Amino acid sequence: NALLCNTFFTIPSAKLTQRELMGRDKSLPERSTRGKRLKQAVDDEEDEADNAFWNQEFFKEEVVDDDYKTESEPEDQVDTDFDDDEEEDDDEEIVVKDDEPRKKALKPPGYKPKPKPKPKPKPKLEEDDEYVEEEGDEEEEEDEEGEGAVPKPAKPRPEPVVYVAPTLRRSTVAKVAEAQRERQYKEKSIRRRAHGSGNSNWRPLTQQEMLAEAALNEIENTRSLKALLAQEEETKRKAQVVKKKNTGPSVKFKSRKGPDGFERSTLELVNTLVPPSWMQHSYAPLPPDKPTCAITGLSARYSDPLTHVPFANTLAFKRLRTGVGPLPLTLQQELVRHHFEEVHSQQQPGQHRTPLVVQLRAQKQRTEDLAEKARALAAVAAASLEAPEPLPQGPTVDVMALVVDAHRCIMAGA
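Letter 335 of the sequence shown, counting from 1, is numbered 335 in UniProt numbering, and no numbers are missing.
What follows is the structure in structure tokens.
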């Protein structure tokens with residue numbers, strides 16, 4: 001650390017220019033252990049990846065495969081000089097040692113080492129040679145024992161390596177046998193046709209006979225062709241879709257452009273004299289009759305849930321429930337006339353009409369005047385101790401109340 005600090009942080013006494021500072025060597029000093037741990041970690045990681053990839057179940061070979069059979073093959077014949085030594089010049093090998101350590105080759109994740117070649121089977125030696133070798137070994141052992149050496153244990157005799165050819169599957173063997181049988185059958189049939197049987201009277205046809213056979217074949221082929229064409233025509237006729245024509249009554253719609261440039265459409269009746277129902281003139285059904293109020297004679301907008309009698313306003317509803325009965329005919333006519341006047345005034349918005357608030361105030365004033373007049377009459381009757389005469393039933397109060405109710409109904413409907 002001290003060396004590094006002195007190397008990188010020493011300030012020179014003389015002032016250096018920026019170009020000289022840029023040109024100075026900034027490389028680290030050499031060190032033999034630089035990157036050794038990182039390289040070792042990378043190599044270990046690569047080895048683990050290779051082992052994990054090649055140790056999968058997919059790459060493991062099956063120990064027993066019943067469908068796979070082997071066929072015995074004859075042993076290879078090896079020349080007698082197979083085990084002889086080669087020339088002395090070829091035996092010399094030049095070994096060049098590199099002083100530099102070799103770098104470990106980087107392997108890809110899916111790298112698989114090449115399988116080592118299998119050793120060639122050794123040829124079987126003759127029994128005489130083996131016997132001679134055994135005798136020589138025994139003599140050497142006896143000499144060593146005589147000299148006082150320690151006896152060596154007898155080496156086990158190595159078993160001869162026999163090469164077994166890979167077998168074929170049962171399905172492959174069956175297919176090969178079947179193909180062989182077919183090939184033999186074809187060869188026999190061809191040979192039989194070519195040579196014929198010994199007792200047959202086969203002979204080549206003459207030109208006249210071949211012409212007669214050709215004429216018969218022509219006739220037969222013509223008949224077969226006509227039958228095939230007829231069958232094809234029948235198939236086409238059955239496959240063809242025939243559109244059914246409508247022979248019943250119908251209506252044709254025609255649209256043409258006239259000489260004046262306008263389009264004219266016409267309807268033509270076919271196979272009928274009476275136009276269909278959708279072409280006949282139809283009229284909208286008449287609207288149902290509006291119910292009329294049994295008390296006031298106006299158009300009823302409501303219906304009493306108890307008596308199911310239609311009524312027009314609250315006054316008519318009260319008279320229905322109290323059982324007073326309908327209004328006089330003249331009063332009903334007055335109400336109807338007033339109602340039509342209100343409708344006519346609403347249809348003409350430009351015409352001036354009295355506001356509803358003013359009408360209500362006037363009605364209230366008239367009611368108060370009538371009440372005051374009734375109280376005055378009651379006071380006079382009490383003073384004279386005479387039976388009071390019945391109050392005049394003027395149509396003003398009822399008419400105005402009915403008018404207000406009718407006006408409210410009209411405004412609500414609008």
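Beta carbons are placed, not taken as given, at the ideal position from N, Cα and C, and that holds for glycine.
Note that the structure is predicted; figures quoted are calculated from it, not measured.
- Taking C-beta atoms as the reference points, Leu329 and Thr296 fail to come closer than 8 Å.
- The stretch 240-254 makes contact with the stretch 265-275; the number of CB pairs closer than 8 Å reaches 3 or more.
- Per DSSP, Glu263 lies in no alpha helix (DSSP H); the unbroken beta strand (DSSP E) holding it starts and ends at Glu263 to Val270.
- Taking 3 residues as the shortest admissible run, the stretch 200-282 contains the following complete beta strand (DSSP E) segments, listed from N- to C-terminal end: 250-257 and 263-270.
- Per DSSP, the unbroken alpha helix (DSSP H) holding Gln40 starts and ends at Lys36 to Trp54.
- Counting along the chain, no alpha helix (DSSP H) covers Leu327, and no H or E run does either.
- By the Cβ criterion, the stretch 316-326 is not in contact with the stretch 339-346, since fewer than three pairs of Cβ atoms, one from each stretch, lie closer than 8 Å.
- Looking at the DSSP output, Tyr302 sits in a beta bridge with Phe311.
- DSSP, reduced to helix, strand and coil, places Thr367 within a helical segment of the structure shown.
- The straight-line gap separating the alpha-carbon atoms of Gly35 and Trp54 is approximately 29 Å.
- If you draw a straight line from the Cα of Leu377 to the Cα of Glu368, it comes to about 14 Å.
- Taking C-alpha positions only, Glu234 is separated from Ala227 by approximately 11 Å.
- Around the beta carbon of Leu286, fewer than 16 other beta carbons lie within 10 angstroms, which makes this residue exposed.
- Residue pairing from DSSP leaves Thr296 without any beta-bridge partner.
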